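All residue numbers for the sequence shown refer to this note's numbering, where the first residue is -16 and numbers rise by one.
In this text, a Cβ means the ideal position worked out from N, Cα and C, and glycines have one as well.
As the structure is a prediction and not an experimental result, all values here were calculated from the model.
What follows is one structure encoded as C-alpha cells, with my remarks underneath.
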Amino acid sequence: KVETNIERILGVLRWVVVEMEHRYRLLEAAHVRDIENYNRRMARKKEGVPLPRIVVLIDELADLMMSAPDQTEHNLVRLAQMARATGIHLIVATQRPSTDVVTGLIKANFPARLAFAVASGVDSRVILDYTGAENLLGRGDMLFLNPEVGNPIRAQGVMITDMEIERLIAHWQKTVEVSTEAPPWEKLLTEPDENEDEDLIEKAVSIVRSSQRASASLLQRRLRIGYPRAARLLDQLETMEVVGPSQGGGKERDVLLGPLDEDEK
C-alpha cells in the first residue's frame, strides 16, 4: 500500500510503532527473542500463525521532517532501535541530505547507508560521515557504508525502466492474490488518539491566548505539526469559542479570550 498524504503517512508510522510493540508482547508470551524463533515455534503448532515481515519505505524524509519533525524523528528512531527483532525493517531516502533532515539521532540509528552523487563534501559527510560522494559520476554511481566494514564501498546501481517496473508488478499481481481489505492502519487513522488531541488542544489554547493571535501557520510553527492538523485545531478552538470564525484571504482569526493571567500560566 502506498500512502502520499502527509497526515496519513504520520499515522502509518504511528501504526508501525504500535505493531512493533504488539509483536514484542507476542515474543514475550512465546519466550523467544526474535521473529525467526517465534515463526519456528509457530510452525510446530497446529494452529500457529507466523508473523510476516514488514518493510517500510519512505521516499522523501524531508517532507515529513518539515511537517512534523519531532513526531517523525521519535517514531523513526524507536523503530530503527527496536523493530528489527520483530521483523520490521526501514528504508529511508531523501534528496536533501542536510542536518535538519538527517538529524544526528536518525543517522546514528541507521548504520547502513547509501550515497549517490551529491553537491558538496558537506552533504557527503551528512550521509556517510566521509567525503567522497561529491566526486561520484551520477547514473547509479554510489558509495555504500556497511557497518561491518568501516569504510564506504563504491558500487553501481542498476537502471530500471518504467516498463520493467510494470512487468514486475504484473508478475506479482498474477502470482500473489491481491488483498481488497483496507490496510491494517486504517482503523488507527480514523480513530485519532484522544489523549494526544486533548494535549494539542490545551497547548493551542495556551499559544493563542498568550500571543493573542490565531492562525494555522502559528500553530504549525509552535506545535511543529502539519497544516491539515493545525487547521482542524483552529476549527476546534472556534467550537470552544476561543477564536472567531475564519475571515478568509489568509487573515488571522479574532481571539475571543484574553491573555493568560499569572495563575493560568
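With H, G and I counted as helix, E and B as strand and the rest as coil, what does DSSP make of residue i?
i: Met250; result: Residue coverage of the chain in this structure runs from -16 to 248, which leaves residue 250 outside it and unanswerable.
i: His14; result: coil
i: Arg212; result: helix
i: Ala187; result: helix
i: Val32; result: coil
i: Val(-15); result: coil
i: Val75; result: strand
i: Gly38; result: Per the sequence shown, the amino acid found at residue 38 is Val instead of Gly. Three-state result, Val38: strand.
i: Val238; result: strand
i: Val1; result: helix
i: Val132; result: coil
i: Val105; result: helix
i: Val226; result: strand
Within this structure, are the beta carbons of residue i and residue j separated by less than 9 Å?
i: Gly241; j: Arg192; result: yes
i: Arg236; j: Leu206; result: no
i: Met125; j: Ala98; result: yes
i: Glu224; j: Leu239; result: yes
i: Pro33; j: Ala26; result: yes
i: Ser297; j: Ala95; result: Residue 297 falls outside the range modelled here, since the chain spans only -16 to 248, and no answer is possible.
i: Ala51; j: Ile152; result: no
i: Leu62; j: Val0; result: yes
Taking residue i and residue j to be in contact with their CB atoms under 8 Å, please state how far apart those CB atoms are, rounded to whole angstroms.
i: Val85; j: Ile110; result: 7 Å
i: Ala13; j: Arg6; result: That pair is no contact at about 10 Å.
i: Glu123; j: Met142; result: The sequence as given places Gly at residue 123; Glu does not occur at that position. Contact holds; Cβ gap of about 6 Å.
Could you spell out where the beta strand (DSSP E) holding residue i opens and where it closes?
i: Arg137; result: 136 to 139
i: Leu97; result: 96 to 98
Between which two residues does the alpha helix (DSSP H) containing residue i stretch?
i: Asn58; result: 52 to 65
i: Thr158; result: 145 to 158
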